[in-house]
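**Student:** Whatever position you read off the sequence shown (first residue = 1), add 25 for the working numbering.
Glycine included, C-beta positions come from ideal geometry on N, C-alpha and C.
For reference, the structure I am asking about is given below.
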Amino acid sequence: MEIHGLTEDWRELSEFKHLGREGLCEIRFKAGKVQYRPAGFFGPGAKCFSIYVGCQKKNDVYNPPDAFDLAIKRRGKVQRGEATLRERIV
């Protein structure tokens, strides 16, 4: 996986797949023989992507199967002030 700097527009990268559900995106990458698909949303700030759920994909099946619904639910909690995000510098 390539490392992208903060000055690049991550929204245009092939590693991101827009899922068409309230702005939800997945980051696509493979480690070993496992396909990972952490899902989240751009924001809350500029040049920021927030991951709300981690999941794996095998043969078009996601684990956990409700990962995208869970990401949307978690984002709603953050927006309503019922939960918070934690920043991780990578």
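Could you please give the first and the last residue of the uninterrupted beta strand (DSSP E) stretch that includes G65?
**Tutor:** The count along the sequence shown starts at 1 and reaches residue 65 at position 40. Where G65 is concerned, the enclosing beta strand (DSSP E) stretches over 64 to 67.
**Student:** Go through its chain and collect everything with a Cβ distance to E47's Cβ below 7 angstroms, but skip five positions before and after it.
**Tutor:** Within the sequence shown, numbered from 1, the residue matching residue 47 stands at position 22. Answer for E47: I97, listed in chain order.
**Student:** Suppose the cutoff is 7 angstroms on Cβ atoms and the five residues either side in sequence are ignored; what does the same chain contact list for L110 look like?
**Tutor:** For the purposes of this step, residue 110 is identified with residue 85 of the sequence shown, where counting begins at 1. Contacts found: S75, V103.
**Student:** Run through DSSP, which three-state label would I76 get?
**Tutor:** Here residue 76 corresponds to residue number 51 of the sequence shown, with the count starting at 1. Correct three-state label for I76: strand.
**Student:** So what's I97 in DSSP terms, helix, strand or just coil?
**Tutor:** Residue numbering aside, residue 97 sits at position 72 when the sequence shown is read from its first letter. Note: I97 maps to helix in three-state DSSP.
**Student:** Whose C-beta lies closer than 8 angstroms to the C-beta of L95 among residues of the same chain, with five residues either side of it excluded?
**Tutor:** Mapped onto the sequence shown, residue 95 falls at position 70. Only Y77, V78, P89 meet the Cβ criterion.
**Student:** Does A92 come out as helix, strand or coil in the three-state DSSP assignment?
**Tutor:** Position 67 of the sequence shown, counted from the start, is the residue given in the question as residue 92. Correct three-state label for A92: helix.
**Student:** Report the rounded CA-to-CA distance for E112 versus F67, giving the unit in angstroms.
**Tutor:** If you number the sequence shown from 1, residue 112 lands on position 87. If you number the sequence shown from 1, residue 67 lands on position 42. Cα to Cα, the separation comes out at about 14 angstroms.
**Student:** Out of curiosity, what's the CA-to-CA distance linking C73 and G65?
**Tutor:** Locating residue 73 in the sequence shown gives position 48, where the first residue counts as 1. Locating residue 65 in the sequence shown gives position 40, where the first residue counts as 1. About 11 angstroms.
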